[in-house]
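> Residue numbers for the sequence shown follow this note's numbering, so the first one is 82 and each next one is one higher. For every residue, glycine included, the Cβ atom is placed at its ideal position computed from N, Cα and C. If you scroll down you'll find the structure; I have some questions about it.
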Amino acid sequence: MPTGDQHRGADVSIIASARADELRFGARPRTDTRFPGVGERDSQKTTTKRNLDSPVQVRRTYRQVFAVTRICSRLIEDIEAGSSDRSSESV
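Okay, structure coming up:
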């Protein structure tokens, strides 16, 4: 898992984790992470897995599996204006 310094100043930070005693894939999973919205951002996704191949092997049984993903995004300030106008963005 990344240190707090790597995600310091994030406007949004989401952490999700999962554990399983056994896990088996019938097909290779397709994953996608996007950071939609208005304005320039510095966005990062960090995933740490234990007892899982990357990419996973189809029809292989994995045991004592753990995965944690942290997604962080920080709105970059407008250099000319001196700050970002966050009040005009809808959530």
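#1: Which parts of the region 88–156 are runs of the beta strand (DSSP E), unbroken and 3 residues or longer, counting only runs that do not cross its ends?
#2: Grab me the residues of R174's own chain with a C-beta within less than 7 Å of its C-beta, minus the 5 sequence neighbours each way, in chain order.
#3: Drop a sphere of 10 angstroms on the beta-carbon of T129, count the other beta-carbons inside from all chains shown, and report buried for 16 or more, exposed for fewer.
#4: Look at the alpha carbon of A148 and the alpha carbon of G90, and state the distance between them as a whole number of angstroms.
#5: Determine whether the beta carbon atoms of T142 and R105 lie at a separation below 7 Å.
With the structure as the only source:
#1: 93–105, 122–131, 142–156
#2: Missing from the structure shown is residue 174; the chain here goes from 82 to 172 and no further.
#3: Locating residue 129 in the sequence shown gives position 48, counting from the first residue. So T129 counts as exposed.
#4: Along the sequence shown, read from residue 1 onward, the residue named residue 148 stands at position 67. Along the sequence shown, read from residue 1 onward, the residue named residue 90 stands at position 9. Distance between the alpha carbons of A148 and G90: 24 Å.
#5: Taking the first residue of the sequence shown as position 1, residue 142 is located at position 61. Taking the first residue of the sequence shown as position 1, residue 105 is located at position 24. In contact: T142 and R105 (Cβ atoms closer than 7 Å).
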